[in-house]
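Undergrad: Let me give you the structure first, and then I'll get to my questions.
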Amino acid sequence: MTWFFISIFAFLAGHMVPGLFRRQLVARLGTTLYVLFFSLISMALLVWVIGAELQADYIPLWPYDPREHWVPILAMLPVCVLWVAAVRQPCPLSIGRAAGYDPHHPGINLFTRHPLLLGVVIWGVTHMVPNGHLAAIIFFGGSALFAVLGMGRMEKMRLRQLGAAEFNRLCAGTRRFDWRGLLNGALDWRDVVGGIILYGAIIWLHPLVLGRDPLAF
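Each residue of the sequence shown is one higher than the one before, starting from 11 at the first, in this note's numbering.
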């Protein structure tokens, strides 16, 4: 478990420390290079955490039931749609691009202005259900908690960057979470089709990358 906890600490530090020096790093590297390096470091640290979690000591917290696998299997399809929408559509107050955002047509922001982070929350919470052991709960539960806290952190960061007037202008019509947005054009067919394709890719790659087939239970 030692290396698992070290990897968790490194992952958190890798996300928190660059944020403390974001202005200086962006001024020196530029926004594009900063985002690129931050993304590469984040992915490398995430791979380390996943590998350490798979090798960590198995300390059960509740009995295993194969039927629990249906929880993340069913939940991951809407998660994938959210992640595709986070890439396709502008999300000016969260992780994602701001260019092209129209406050009069908020899109996915009608449902949630943090689609990527909300997807991580659902991914983490639902993956805890069939993985009732200590390392998995720390990993998945910690990821979900980190994403929830990240929503407030992203909004505070955008408020500092944009100023109150511009932040409020962009924020108008958006929601942290409002299911009624799905009835008012938050998603379009490209988000849904892209989410289905991403879902299929994850199901296919899961056993190849992680050594665990989500459909073999």
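We put the beta carbon where it would ideally sit given N, CA and C, even for glycine.
Under the assumption that LEU92 contacts GLY129 (Cβ atoms under 8 Å), give the Cβ distance between them as a whole number of angstroms.
TA: 4 Å
Undergrad: With distances taken between CB atoms, is the gap from CYS101 to TYR209 smaller than 8 Å?
TA: no
Undergrad: Return the Cβ separation of LEU56 and ILE147 in integer angstroms, given the expectation that the two are a contact with Cβ distance under 8 Å.
TA: So it is not a contact: roughly 17 Å between Cβ atoms.
Undergrad: Using three-state DSSP, classify TRP115 as helix, strand or coil.
TA: As written in the sequence, residue 115 is His, which differs from the Trp given in the question. Reduced to three states, the DSSP call for HIS115 is strand.
Undergrad: Going by DSSP, which residues form a beta bridge with PRO70?
TA: Its beta-bridge partners are HIS143.
Undergrad: Can you tell me which of the three DSSP states PHE187 falls into?
TA: coil
Undergrad: Identify the continuous alpha helix (DSSP H) that holds GLY110 and give its terminal residues.
TA: No alpha helix (DSSP H) contains GLY110, which DSSP labels as neither H nor E.
Undergrad: Go ahead and pull the three-state DSSP assignment for GLY34.
TA: It should be pointed out that residue 34 corresponds to Gln in this sequence rather than to Gly. The DSSP-derived three-state label of GLN34 is helix.
Undergrad: Expressed to the nearest angstrom, what Euclidean distance is found between the alpha-carbon atoms of MET53 and LEU43?
TA: 15 Å
Undergrad: Would you check if the distance between the CB atom of PRO113 and the CB atom of ARG179 is smaller than 8 Å?
TA: yes
Undergrad: CB ASP188 to CB LEU120, shorter than 8 Å?
TA: One thing to note: ASP188 has its Cβ within 8 Å of the Cβ of LEU120.
Undergrad: Please name the residue in PRO224, LEU215, VAL97 and LEU64 whose C-alpha comes closest to that of THR12.
TA: LEU64
Undergrad: Excluding the 5 residues preceding and the 5 following ILE69 in the sequence, name in chain order all residues of the same chain whose CB lies nearer than 6 Å to its CB.
TA: HIS143 and LEU144
Undergrad: Indicate whether ALA96 and PRO125 have their beta-carbon atoms separated by less than 8 Å.
TA: Yes, Cβ-Cβ distance for ALA96 and PRO125 is below 8 Å.
Undergrad: Apart from the five residues just before and just after LEU169, which ones in its own chain have a Cβ nearer than 6 Å to its Cβ?
TA: PHE177
Undergrad: Assuming contact is defined by CB atoms lying nearer than 8 Å, are ALA154 and VAL139 in contact in what I supplied?
TA: no
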